[in-house]
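Asks: One structure, as C-alpha cells, below. Some questions next.
Number of protein chains: 2
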Amino acid sequence: MQPSELKEKFVQLWGTVGMEWGINKTMAQLHGLLLASDHALTTDQIMSALTISRGNANMNLRDLMIWGLIYRESRPGERKEYFYAEKDIWEVAQKIARERTKRELHPMMKTLEHLLKEIDNETPFGPEEIAFKKVLVDIHSLGKKCDQLLETVLKFEQNRFFKPILSLIRNKNNG
Amino acid sequence: MQPSELKEKFVQLWGTVGMEWGINKTMAQLHGLLLASDHALTTDQIMSALTISRGNANMNLRDLMIWGLIYRESRPGERKEYFYAEKDIWEVAQKIARERTKRELHPMMKTLEHLLKEIDNETPFGPEEIAFKKVLVDIHSLGKKCDQLLETVLKFEQNRFFKPILSLIRNKNNG
DNA sequence: ACCAACTTTCAATAAGTTATGAAACTTTAT
DNA sequence: ATAAAGTTTCATAACTTATTGAAAGTTGGT
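Top to bottom, those sequences are chains A and B.
Residues -8 to 166, numbered by the numbering used here, are exactly what the first sequence covers, in order.
Residues -8 to 166, numbered by the numbering used here, are exactly what the second sequence covers, in order.
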C-alpha cells in the first residue's frame, strides 16, 4: 500500500470515529487529514484532498480552530493561509475532553440541580417522587465523578504516560 | 412545578444529552421516560407519553433492550408487555461504556494496528512516514490507555463510590 | 483608490437520518 | 381452526443536518 493510500485510510477511519462520537464527519476527516500531514495545507489542498466545497472547508476549519485542534499559519510573501494540526495527541484529547465537559456535562448537571430543587418544593412527596429523585441524584453523582476523574487523569497521567512514549519514538529516529 | 412536568423536563434533558453523545434522541428520551418512572410502562403508554408511533417505539425499545438498559416484563393474565429501565445508574454507565468500547474503540484500534503494519512494509520511509507513524502510535496508545482506565475505574469505584450513596438515600427514606 | 487574491457568509439544496403507519406476523384463548 | 390482541417489519414520508456555490467581505500591494 502506498503512503497516500494509508493516509487516505486513516482519514476515513478518523471520520468514522468522529461520527460515532457525535462529531461532524467532514470535520473529523479534515482533522485527520491535517494530523496525517507533516506540513501545513492550504484551503485548496484540503478541498481537493477531501473533494469538498470551499464553504464547507472553511466552516469546518473555523470550528476546528475554535476547538483548538488546528492552527492557522501565514507565510511571508504569500496571501493564502496554511493550516496544521496539534500533533500532541494528549493535548488533543485534553482539549476535546475539557471542551465537551464544559459544553455538555456541566449544563446537564446544572439542569439536574434545578430539577432537584424543584422536587424538594413538591408537597405530594410519595414513593414515586423518592424513586425519581434517587435517579436524578445518582446521575448527578455520576456526572460529578466523571468530572473529577477527568481532572485527576489529566493531571496525573500527562507526564507519567505520554512523555515516555515520546522519548521512545525519538530514540527510534535518532539511533 | 408538578411532578409530571419535572419528569417531562428530565425526559427532554436526557434526550438532549443522548443526542450530544451520538445517540438517537427518541431512544434517549424513551430511556429517560422509563428511568423516571417507578413502574413499568406499556408500548401504548410510551407512545402517548412521547407522542411517537408504534413502529418508532418498538424499534427503540428493541435497541434499548439490546444495550441492556431496559427490560421487558410480562404479567400473568395480560397479553401486553411492560418495559422498565435498569435503575442502578452505575450499571447503566458500565453497560454503555463497555458496549461503546467494544463497538467503537476496539475496531478503531484494530484498524490502527493494521495501518501500522502496512507502514512498516513501506520502502520509501522518509521523515513524512515517521511523523505519520508517530501519530498513529500515539492514538493507539491513547486508546489503550482509555481502555485500561475504564476497566480500572469500573472495578475499583463500583463499590467504593456508589454503595454509600445508595445507603444515604435509604436513610433519608427510613428515618 | 483600485485591483487582485483570498476568505467568509448564507440561502438554497442535497444528503442523510429518523419516524410513520399499514401490512404481515406471532401468540394466546376458546 | 379462528379470532382477537399484541408485536414487528419495512417502504416511504417527514424531518434534520451538512454541503454547495455564488455573492459579499476582507486584506495587501501598487
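Ideal Cβ placement from N, Cα and C applies to all residues, glycine included.
From the beta carbon of B:Val144, is the nearest beta carbon of chain A less than 8 Å away?
Replies: Position 153 of the second sequence, counting from 1, holds the residue named residue 144 of chain B. Taking Cβ atoms only, chain A reaches closer than 8 Å to B:Val144, which makes this a yes.
Asks: I'd like to know if B:Gly59 contacts chain A, where contact means its C-beta is closer than 8 Å to some C-beta of that chain.
Replies: The sequence position of residue 59 of chain B within the second sequence is 68, counting from 1. No - not a single Cβ of chain A is within 8 Å of the one on B:Gly59.
Asks: Taking only the alpha-carbon atoms, compute the straight-line gap between A:Leu107 and A:Lys124 and give it to the nearest angstrom.
Replies: Start at 1 with the first residue of the first sequence, and residue 107 of chain A comes out as number 116. Start at 1 with the first residue of the first sequence, and residue 124 of chain A comes out as number 133. Their Cα atoms are separated by approximately 7 Å.
Asks: In chain A, which residues lie with their C-beta within 8 Å of the C-beta of B:Asp29?
Replies: On the second sequence, position 38 is the one that residue 29 of chain B refers to. The answer, in chain order, is Pro118, Glu119, Ala122, Phe123.
Asks: By Cβ distance, which residues of its chain are closer than 6 Å to A:Asn51, with the 5 residues on each side in sequence left out?
Replies: Here residue 51 of chain A is taken as the residue at index 60 of the first sequence, counted from 1. Residues of the same chain with a CB within less than 6 Å of the CB of A:Asn51, apart from the 5 flanking positions on each side, are Thr17, Met18, Leu21 in chain order.
Asks: Consult DSSP for B:Ile43 and reduce its assignment to one of helix, strand or coil.
Replies: As a first step, residue 43 of chain B must be located in the second sequence, where it is residue number 52. Coil at B:Ile43, not helix or strand.
Asks: Roughly how many whole angstroms lie between the Cα atoms of B:Gly23 and B:Thr33?
Replies: In the second sequence, the residue the question calls residue 23 of chain B occupies position 32. In the second sequence, the residue the question calls residue 33 of chain B occupies position 42. Their Cα atoms are separated by approximately 15 Å.
Asks: Would you call the CB atoms of A:Val126 and B:Ala27 closer than 8 Å?
Replies: In the first sequence, residue 126 of chain A corresponds to position 135, counting from 1. In the second sequence, residue 27 of chain B corresponds to position 36, counting from 1. Yes, the pair counts as a contact, with Cβ atoms nearer than the cut-off.
Asks: Is A:Lys129 close to chain B, meaning its C-beta is less than 8 Å from at least one C-beta of that chain?
Replies: Translated into the one-based positions of the first sequence, residue 129 of chain A becomes position 138. Checking the displayed sequence, the identity of residue 129 of chain A turns out to be Asp instead of Lys. At least one chain B Cβ lies under 8 Å of A:Asp129.
Asks: Under the three-state reduction of DSSP, which class applies to A:Glu82: helix, strand or coil?
Replies: If you number the first sequence from 1, residue 82 of chain A lands on position 91. The three-state reading of DSSP puts A:Glu82 in helix, counting H, G and I together.
Asks: Output, in sequence order along the chain, the residues in the stretch 93 to 114 of chain A whose CB is closer than 7 Å to any CB in chain B.
Replies: Glu95, Met99, Thr102, Leu106, Glu109, Ile110, Glu113
Asks: State yes or no: is the C-beta of A:Glu77 within less than 8 Å of the C-beta of A:Arg63?
Replies: As a working note, residue 77 of chain A is residue 86 in the first sequence. As a working note, residue 63 of chain A is residue 72 in the first sequence. Not in contact: A:Glu77 and A:Arg63 (Cβ atoms no closer than 8 Å).
Asks: Got a sec? Which residues, its chain only, sit under 8 Å from B:Glu104 by beta carbon, not counting five neighbours each side?
Replies: On the second sequence, position 113 is the one that residue 104 of chain B refers to. Closer than 8 Å at the Cβ level, and outside the excluded window around B:Glu104, lie His131.
Asks: What does B:Leu4 reach in chain A if we use C-beta pairs closer than 7 Å?
Replies: Residue 4 of chain B sits at position 13 when you count from the first residue of the second sequence. Those within 7 Å of B:Leu4 in chain A are Met99, Thr102.
Asks: Could you tell me whether the stretch 112 to 121 of chain A touches the stretch 89 to 97 of chain A, where touching means 3 or more Cβ pairs closer than 8 Å?
Replies: no
Asks: Which of helix, strand or coil does DSSP assign to A:Ala19?
Replies: For this step, residue 19 of chain A is matched to residue 28 along the first sequence. Three-state result, A:Ala19: helix.
Asks: Identify the contact partners of A:Met18 in chain B, using a Cβ-Cβ distance below 9 Å as the criterion.
Replies: Translated into positions along the first sequence, residue 18 of chain A becomes position 27. Correct list: empty, because the minimum Cβ distance to chain B is about 14 Å.
Asks: Check the Cβ-Cβ distances between A:Pro(-6) and every residue of chain B, and say whether any is below 8 Å.
Replies: On the first sequence, position 3 is the one that residue -6 of chain A refers to. Cβ-Cβ to chain B under 8 Å: yes for A:Pro(-6).
Asks: Rounded to a whole number of angstroms, what is the C-alpha to C-alpha distance between A:Leu(-3) and A:Leu4?
Replies: To locate residue -3 of chain A, count along the first sequence from 1; it is residue 6. To locate residue 4 of chain A, count along the first sequence from 1; it is residue 13. Straight-line Cα distance between these residues: approximately 10 Å.
Asks: Sorted by chain position, which residues of the same chain lie with C-beta nearer than 7 Å to A:Gly166's C-beta, five sequence neighbours on each side aside?
Replies: Here residue 166 of chain A refers to the residue found at position 175 when the first sequence is read from its first residue. With a pLDDT of 32 at A:Gly166, under the threshold of 50, the modelled position of this residue cannot be trusted, and the question is left open.
Asks: Please name the residue or residues paired with B:Ile61 in a DSSP beta bridge.
Replies: Position 70 of the second sequence, counted from the start, is the residue given in the question as residue 61 of chain B. DSSP lists B:Ala76 as partners of B:Ile61.
Asks: Using a beta-carbon distance below 8 Å, is B:Lys78 in contact with chain A?
Replies: Residue mapping note: residue 78 of chain B aligns to position 87 of the second sequence, counting from 1. Yes, its Cβ sits closer than 8 Å to a Cβ of chain A.
Asks: Give the secondary structure of A:Thr33 by DSSP, where H, G and I count as helix, E and B as strand, and everything else as coil.
Replies: The residue given as residue 33 of chain A occupies position 42 in the first sequence. The answer is strand: DSSP assigns A:Thr33 an E or B state.
Asks: Taking 8 Å as the threshold (beta carbon to beta carbon), is B:Phe1 in contact with chain A?
Replies: The residue given as residue 1 of chain B occupies position 10 in the second sequence. Interface flag for B:Phe1 against chain A is set, since a Cβ pair is found closer than 8 Å.
Asks: Nearest-angstrom Cα distance between A:Ala88 and B:Trp58?
Replies: Counted from its first residue, the first sequence places residue 88 of chain A at position 97. Counted from its first residue, the second sequence places residue 58 of chain B at position 67. Whole-angstrom Cα-Cα distance: 24 Å.
Asks: Out of B:Gly68, B:Asp35, B:Arg91, B:Lys0, state which residue places its alpha-carbon closest to the alpha-carbon of B:Gly13.
Replies: Residue mapping note: residue 13 of chain B aligns to position 22 of the second sequence, counting from 1. Ranking B:Gly68, B:Asp35, B:Arg91, B:Lys0 by Cα distance to B:Gly13 puts B:Arg91 first.
Asks: Restricting to Cα atoms, I'd like to know which of A:Gly117, A:Phe147, A:Val144 is closest to B:Pro(-6).
Replies: The count along the second sequence starts at 1 and reaches residue -6 of chain B at position 3. Here the closest residue by C-alpha is A:Gly117.
Asks: Nearest chain A C-beta to B:Ala40 closer than 8 Å, yes or no?
Replies: By 1-based counting over the second sequence, the position of residue 40 of chain B is 49. Under the Cβ criterion of 8 Å, B:Ala40 is not counted among the residues facing chain A.
Asks: What residues from chain B crowd round A:Lys86, counting only those whose CB sits closer than 9 Å?
Replies: What you label residue 86 of chain A is simply residue 95 of the first sequence in a count that begins at 1. Near A:Lys86 there are no residues of chain B at all, since even the closest Cβ is about 13 Å away, more than 9 Å.
Asks: With distances taken from CA atoms, which of A:Lys101, A:Met(-8), A:His30, A:Leu55 is nearest A:Arg66?
Replies: Counting from 1 along the first sequence, the entry for residue 66 of chain A is found at position 75. Comparing Cα positions, the closest option is A:His30.
Asks: Buried or exposed for A:Asp79, please, with buried defined as at least 16 other CB atoms from any protein chain shown within 10 angstroms of its CB.
Replies: Walking along the first sequence from the start, residue 79 of chain A turns up at place 88. By the 10 Å Cβ count, A:Asp79 comes out exposed.
Asks: To which residues of the same chain is B:Ile37 closer than 6 Å at the C-beta, ignoring the five residues directly before and after it?
Replies: Your numbering for residue 37 of chain B matches position 46 in the second sequence. Hits under 6 Å: Ala48.
Asks: Would you say B:Leu133 faces chain A, with C-beta separation under 8 Å as the test?
Replies: As a position in the second sequence, residue 133 of chain B is number 142, starting the count at 1. Yes - at least one Cβ of chain A is within 8 Å of the one on B:Leu133.
Asks: Does the Cβ of B:Leu25 have 16 or more other Cβ atoms within 10 Å, making it buried, or fewer, making it exposed?
Replies: Here residue 25 of chain B corresponds to residue number 34 of the second sequence, with the count starting at 1. So B:Leu25 ends up on the buried side.
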